[in-house]
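Residue numbers (full-length UniProt numbering): 1 to 154.
Ideal placement from N, C-alpha and C gives every residue a C-beta, glycine not left out.
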Amino acid sequence: MEQNSFLDAVELHRDMVFRIALHQCGNPHDADDAVQEVFLRLYGEKKPFEGPEHLRRWLIRVTINLCRDMLRSPWRRRRVSLDALPPAFETPEQESLYQSVMALPEKYRTVLDLFYYEGFSVQEIAELLHVSVTSVTTRLSRARKLLKQQLTEV
């Protein structure tokens, strides 16, 4: 990838990649590492992208896969957590919602993030995650139900 288009892609998609990585990893430090790795892979990508939407989808797919690999790594299982500080929130309600979302299983966090924060349709999420549309709608429904239960308990 040429340097100018790479810099434009980083500027345009950096926040999106970080948000997805944060939702996947649950830790801002790991999310930063994932963002760096994703953009290193983008810089080394030889194939041209068909357009901006193709690039965006590629970045999302690589981010999700990289974060999953990071979470599965033996190193991560053996390390001791330093209890990283959660991101700063403007209101206690935002922090409560964030903690509730992060308590959900990974498959529910992913669909919630892609649907609500990134604005993808159910069909697009199904294509990105390589699952059926029915699976995505089921995951969204279950995630909403779990969130509702958690938030009403608080």
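*With respect to the alpha helix (DSSP H) encompassing Pro92, which residues constitute its N-terminal and C-terminal limits?*
Reading the sequence shown from its first residue, position 92 is the one you call residue 92. It spans 92-103 - the alpha helix (DSSP H) in which Pro92 sits, taken as one unbroken run.
*Under 7 Å, do Val10 and Val38 count as touching if we go by C-beta distance?*
For the purposes of this step, residue 10 is taken as residue 10 along the sequence shown, with counting starting at 1. For the purposes of this step, residue 38 is taken as residue 38 along the sequence shown, with counting starting at 1. Not closer than 7 Å, so no.
_Our contact map puts Tyr117 next to Arg19 with C-beta atoms below 8 Å; I'd like the distance itself, whole angstroms only._
In the sequence shown, the residue the question calls residue 117 occupies position 117. In the sequence shown, the residue the question calls residue 19 occupies position 19. Sure, about 6 Å apart at Cβ, within 8 Å.
*Identify whether Lys107 lies in helix, strand or coil by the three-state DSSP scheme.*
Locating residue 107 in the sequence shown gives position 107, where the first residue counts as 1. Three-state DSSP puts Lys107 in a helix.
*What separation, rounded to the nearest whole angstrom, lies between the Cα atoms of Leu66 and Gln99?*
Position 66 of the sequence shown holds residue 66. Position 99 of the sequence shown holds residue 99. When rounded, the distance between both Cα atoms is 22 Å.
_Selection from Leu42, Pro74, Leu71 that minimises the alpha carbon distance to Ile60_ = Position 60 of the sequence shown holds residue 60. Residue Leu42 is the option with its Cα nearest to Ile60.
*Between Met102 and Gly26, is the Cβ-Cβ spacing less than 7 Å?*
On the sequence shown, position 102 is the one that residue 102 refers to. On the sequence shown, position 26 is the one that residue 26 refers to. Yes; because the gap between Cβ atoms is below 7 Å, this pair is in contact.
*Spatial distance of Ser132 from Ala21 (CA atoms)*: Start at 1 with the first residue of the sequence shown, and residue 132 comes out as number 132. Start at 1 with the first residue of the sequence shown, and residue 21 comes out as number 21. In a straight line, the C-alpha of Ser132 is about 23 Å away from that of Ala21.
*How long is the line joining the alpha carbons of Leu104 and His54, rounded to whole angstroms?*
To locate residue 104, count along the sequence shown from 1; it is residue 104. To locate residue 54, count along the sequence shown from 1; it is residue 54. Approximately 29 Å, taken between the alpha carbons.
_Considering only the alpha carbon of each residue, which of Phe120, Tyr108, Leu128, Leu129 lies closest to Lys145?_
Start at 1 with the first residue of the sequence shown, and residue 145 comes out as number 145. Looking at the Cα atoms, Tyr108 is the closest of the given residues.
*So, helix, strand or coil for Glu2, using DSSP?*
Within the sequence shown, residue 2 is the residue found at index 2, counting from 1. Of the three classes helix, strand and coil, the one that applies to Glu2 here is coil, per DSSP.
*Assign His47 to one of three DSSP states: helix, strand, or coil.*
Along the sequence shown, read from residue 1 onward, the residue named residue 47 stands at position 47. Correcting the residue type first, residue 47 is Lys in the shown sequence and not His. DSSP places Lys47 outside both helix and strand once states are collapsed to three, so it counts as coil.
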